[in-house]
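J.: In the numbering used here, the protein residues as written are -18 to 218.
Got a structure for you, written out below as structure tokens; questions coming shortly.
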């Protein structure tokens, strides 16, 4: 399998496969592909090779799809391309027993067959924040390669043992799963949701963390005033 990331602001992940090679992605996320691929959809995919409906349910709870699609290359080989859904960057992750990652909901793009995508962390942050749904991280484990999409510019930090970082939860894009993470209100900063407090995540080293400059909620808020409004009488009933 030969990966290629093309573009800058809205990158595209192109994966060229040899005969019989396959990859796993969420259904409907493919952008274009060469002819001849066999496509199969199942709840068993994305389970790290273990299969089963419960693995799919865990993935669904983690903000992913219940059904994933396996793309198998034809005898002549071929390529499959996936376009980023937000301006940002695509990162490749090597996953094994010592390299397990937590990625923000909706960031998973594609993986090889033996990577497991499941719920890693859910936190209710209160009414108004992220639509009242809280923050959700997916766990990427197993053995193989995964690609994730992160929003905006990406800033990376290596935290040593004893070091920590306070982060707005929406900017915490990706981190190593062994890093402790907790949430708390920080007094002294006025916030429209929590009065005189701000709700932040605190992540502790040692480990590597990826922060994203854009959050989906802030992007939605920025473009909302420019969306057409339905002012018909039926819209108010």
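Heads up, the beta-carbon is just placed ideally off N, CA and C, and yes, glycines get one too.
Just so you know, these numbers come straight off a predicted model, no measurement behind them.
Under a three-way DSSP split, which group does residue 151 fall into?
T.: Numbered from 1 along the chain shown, position 170 holds the residue referred to as residue 151. Helix at residue 151.
J.: Pull up the CB-CB distance for residue 10 and residue 63, whole angstroms please, since I reckon it's below 8 Å.
T.: Working through the chain shown from its first residue, we reach residue 10 at position 29. Working through the chain shown from its first residue, we reach residue 63 at position 82. That pair is a contact at about 6 Å.
J.: Find out if the Cβ-Cβ distance for the pair residue 81, residue 121 is shorter than 8 Å.
T.: Numbered from 1 along the chain shown, position 100 holds the residue referred to as residue 81. Numbered from 1 along the chain shown, position 140 holds the residue referred to as residue 121. Closer than 8 Å, so yes.
J.: For residue 142, report the span of its beta strand (DSSP E) as first-last.
T.: The residue given as residue 142 occupies position 161 in the chain shown. Here residue 142 belongs to no beta strand (DSSP E), and DSSP marks it neither H nor E.
J.: So, is residue -13 buried or exposed, given that buried needs 16 or more other C-beta atoms within 10 angstroms?
T.: By 1-based counting over the chain shown, the position of residue -13 is 6. Residue -13 comes out exposed.
J.: Which residues in the same chain have their Cβ closer than 6 Å to the Cβ of residue 60, if we skip the five residues on either side of it in sequence?
T.: As a working note, residue 60 is residue 79 in the chain shown. If we look at residue 60 and ignore the five residues flanking it on each side, its Cβ neighbours are -5, -3, 15.
J.: If you compare alpha carbons, which of 125, 75, 90, 153 is closest to residue 137?
T.: Counting from one through the chain shown, the residue named residue 137 turns up at place 156. That would be 153, whose Cα lies nearest to the Cα of residue 137.
J.: With H, G and I counted as helix, E and B as strand and the rest as coil, what does DSSP make of residue 205?
T.: Within the chain shown, the letter at position 224 stands for residue 205. Note: residue 205 maps to helix in three-state DSSP.
J.: Measuring CA to CA, which of -1, -7, 25 is closest to residue 13?
T.: Locating residue 13 in the chain shown gives position 32, counting from the first residue. Nearest C-alpha to residue 13: -7.
J.: Anyone know if the C-beta pair for residue 92 and residue 126 falls short of 8 Å?
T.: Taking the chain shown and counting its residues from 1, one reaches residue 92 at position 111. Taking the chain shown and counting its residues from 1, one reaches residue 126 at position 145. Contact: yes.
J.: To the nearest angstrom, how far is the alpha carbon of residue 160 from that of residue 185?
T.: Walking along the chain shown from the start, residue 160 turns up at place 179. Walking along the chain shown from the start, residue 185 turns up at place 204. About 6 Å.
J.: If contacts are defined as beta-carbon pairs under 8 Å, then residue 76 and residue 96 qualify, I think. What distance do you get, rounded to the angstrom?
T.: The sequence position of residue 76 within the chain shown is 95, counting from 1. The sequence position of residue 96 within the chain shown is 115, counting from 1. 6 Å between Cβ atoms; contact.
J.: For residue -17, I'd like the list of residues in its chain whose CB is within less than 6 Å of its CB, leaving aside the five on either flank, ordered along the chain.
T.: Locating residue -17 in the chain shown gives position 2, counting from the first residue. Contacts found: -3.
J.: From the DSSP output, which residues share a beta bridge with residue -16?
T.: By one-based count along the chain shown, residue -16 stands at place 3. DSSP lists -4 as partners of residue -16.
J.: Taking buried to mean at least 16 other C-beta atoms within 10 Å of its own C-beta, is residue 204 buried or exposed?
T.: Taking the first residue of the chain shown as 1, we reach residue 204 at position 223. Residue 204 is exposed by the Cβ-count criterion.
J.: Whose C-beta lies closer than 7 Å to the C-beta of residue 187 among residues of the same chain, with five residues either side of it excluded?
T.: By 1-based counting over the chain shown, the position of residue 187 is 206. Closer than 7 Å at the Cβ level, and outside the excluded window around residue 187, lie 140, 141, 142.
J.: Tell whether a beta-carbon distance below 8 Å holds between residue 193 and residue 147.
T.: Against the chain shown, residue 193 aligns to sequence position 212. Against the chain shown, residue 147 aligns to sequence position 166. No, the pair does not count as a contact, with Cβ atoms beyond the cut-off.
J.: DSSP beta-bridge partners for residue 22?
T.: By 1-based counting over the chain shown, the position of residue 22 is 41. DSSP output for residue 22 lists 50 as bridge partner(s).
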